[in-house]
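Note that the numbering used here has the sequence shown beginning at 2, numbered continuously upward.
Report on one structure; see the data block that follows.
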Amino acid sequence: MDTSTTPVVEDPAVGTTVLPKVTAPFERSAEERVNWRASIPFLMVHVIAVAGTLAFGITLKALVLFVVLVWGRTFFITAGYHRYFAHRAYKTNRAFQLFLAVGGAMCVQKGPLWWAGHHRNHHRYSDTEVDIHSPLRGFWWSHVGWILCDKYKDTPTDKIRDFAKYPEIRFVERHDGMFPWVLGVASFLIAGWSGLFFGFFLGTVVLWHNTFLVNSLAHVMGRRRYVTDDTSRNSLLIAVTTLGEGWHNNHHYYQSSARNGFFWWELDVTWYILKALSWVGIVKDLKVPTQEILQSNRIADGNFDVGMYKAHWAKAQAYVAHARVDDRIAALSATADDAGEGLAADRDALDLAIETQKVAIDELLHRTIEPAEELARVAKRSQKQFPVIDR
Ligand SMILES: [Zn+2]
Ligand SMILES: [Zn+2]
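Quick look at the structure:
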């Protein structure tokens, strides 16, 4: 459990007790530790990017290259790895499918099968104990830690059989490390050392963290429009930097949509490009939510927000489990000792009473989740029976 800040509670009987603030209620297993040795290349790219940029500066050509390599490649992640490979939000031909896979591999985020397979798992188990990169397991873990541990380095092939059947996609997956090298050499040939260090290396670092923001910040910062079973949010800021992926609550609500900005004012550059590609026949059958889906399950209409409820209760449970009751016992015991032998004899009984209370509260919290979920189901059902009239 991550306990970063420490609120203080005043108790006139005992004095001051320091209580931990729970920021990551779901604990990680022993296998889920960052492998620092294996992460050296990842960390070195950061160092090389900054040091090389400082040494060789930023030329105009390299600046253009940087912009293209950050946001041009972001498109391959958002439209390719994410909306196509993970969610099948539209259809395309086999040549463009391969183009999306190769473009994605240039982003240095492993192959399309690894990326999309793990992402499908995220949607299946969003913000539960088994969600690989929920911020409820720690913010930095959700941002980058999960990528740097050994446990998730393999491709979850069983989750992505629909694309693993294509030999050319398997080829890209097997040789994913080759494509960034090609891009690095090309960057040097186009814009020299500045192109290599600023354009390619720093561009890759920015691209990485820009992508990772969707797993970390988009579950923490922003507003929730729809009831979902998780903590996903909508954020204009993240939508701007990620070409439309910041409408993450919309996306968790209706995952198979090719459009994440559901309304005209929700900027979604990936969607605009996909729409344009559909006009020339490169992509087709772009999935979008119906009007009924758009107007249903809105939190503003009074629907019960089960996702946030569960997240808060998970924190409450962890808080109870880890509250420093021992400190209070010690303080009370010291008081008892001071008061004399008679009071000290009660110490064991006091220990037991506190421990029993702790277990009882823990169980109570567990049980509270069930009726809350039932309540959410009822709310959803009644929503269908009495559809909300658009105001
Ligand atoms: Zn998510
Ligand atoms: Zn997704």
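Every residue gets a Cβ at the ideal spot worked out from N, C-alpha and C, and that includes glycine.
Quiz item: Does the distance from the C-beta atom of Y153 to that of K285 stay below 8 Å?
Solution: no
Self-check item: Reduced DSSP category for T7 - H, G, I as helix; E, B as strand; rest coil
Solution: Residue placement at T7 is flagged as unreliable, the pLDDT there being 49, under the threshold of 50; the coordinate-derived value follows with that caveat. Coil at T7, not helix or strand.
Quiz item: Considering only the beta carbon of each residue, do P1 and F76 sit closer than 8 Å?
Solution: The question about residue 1 has no answer here: the residues shown for the chain are numbered 2 through 392.
Exercise. Assuming R226 and I300 form a contact by the criterion Cβ under 8 Å, report the distance between their Cβ atoms to the nearest whole angstrom.
Key: 7 Å
Self-check item: Cβ neighbours of H88 in the same chain (closer than 7 Å, five flanking residues each side left out)
Solution: Q256 and S257.
Quiz item: Which residues have their C-beta within less than 6 Å of a heavy atom of ligand 2, listed in chain order?
Solution: In chain order, the residues positioned with their C-beta nearer than 6 Å to some heavy atom of ligand 2 are H83, A87, H88, H120, H124, H252 and Q256.
Quiz item: Under the three-state reduction of DSSP, which class applies to Y227: helix, strand or coil?
Solution: strand
Quiz item: So is A377 in contact with chain D if we call contact Cβ pairs under 8 Å?
Solution: The structure shown contains no chain D; it holds only a single protein chain.
Quiz prompt | ligand 1 heavy atom lying under 7 Å from the CB of H367 | solution = no
Self-check item: 8 Å contact criterion, which W49 and F202 should meet: CB distance rounded
Solution: Per the sequence shown, residue 49 should be read as Ile rather than Trp. The pair is a contact, with the Cβ atoms about 5 Å apart (cut-off 8 Å).
Exercise. Under 7 Å Cβ to Cβ from E169, same chain only, skipping five residues before and after it: list those, please.
Key: L99
Quiz item: With a CB to CB cut of under 7 Å and the five nearest residues on each side skipped, what residues in its chain are close to L149?
Solution: V35, N36, S40 and F43
Quiz item: In terms of residue numbering, what span does the alpha helix (DSSP H) encompassing P168 cover?
Solution: P168 to R175
Quiz item: Three-state secondary structure (DSSP) at T93?
Solution: In the three-state reduction of the DSSP assignment, T93 falls in the strand class.
Quiz item: Any heavy atom of ligand 1 closer than 7 Å to the Cβ of S233?
Solution: Result yes, Cβ under 7 Å from ligand 1.
Self-check item: For S279 and Q318, the rounded distance between their alpha carbons
Solution: 49 Å
Exercise. Return the first residue and the last residue of the alpha helix (DSSP H) that N57 is part of.
Key: It is Phe, not Asn, that sits at residue 57 in the sequence shown. Start and end: I41 to F57.
Quiz item: Can you tell which of V281, E356, G139 and I161 has its C-alpha closest to the C-alpha of W115?
Solution: I161
Quiz item: alpha helix (DSSP H) containing R121: first to last residue?
Solution: P113 to R125
Quiz item: Alpha carbon to alpha carbon, what distance is there between T242 and N211?
Solution: The straight-line gap separating the alpha-carbon atoms of N211 and T242 is approximately 7 Å.
Quiz item: For A106, which of helix, strand or coil comes out of DSSP?
Solution: Residue state, collapsed to three classes: helix.
Quiz item: Would the beta-carbon of H249 be found less than 7 Å away from any heavy atom of ligand 1?
Solution: Yes.
Exercise. Check whether the Cβ of H144 sits closer than 7 Å to any heavy atom of ligand 1, and report yes or no.
Key: Result no, Cβ not under 7 Å from ligand 1.
Quiz prompt | Segment limits, alpha helix (DSSP H) that includes P181 | solution = Membership of P181 in the alpha helix (DSSP H) is indicated by the continuous run M179 to S195.
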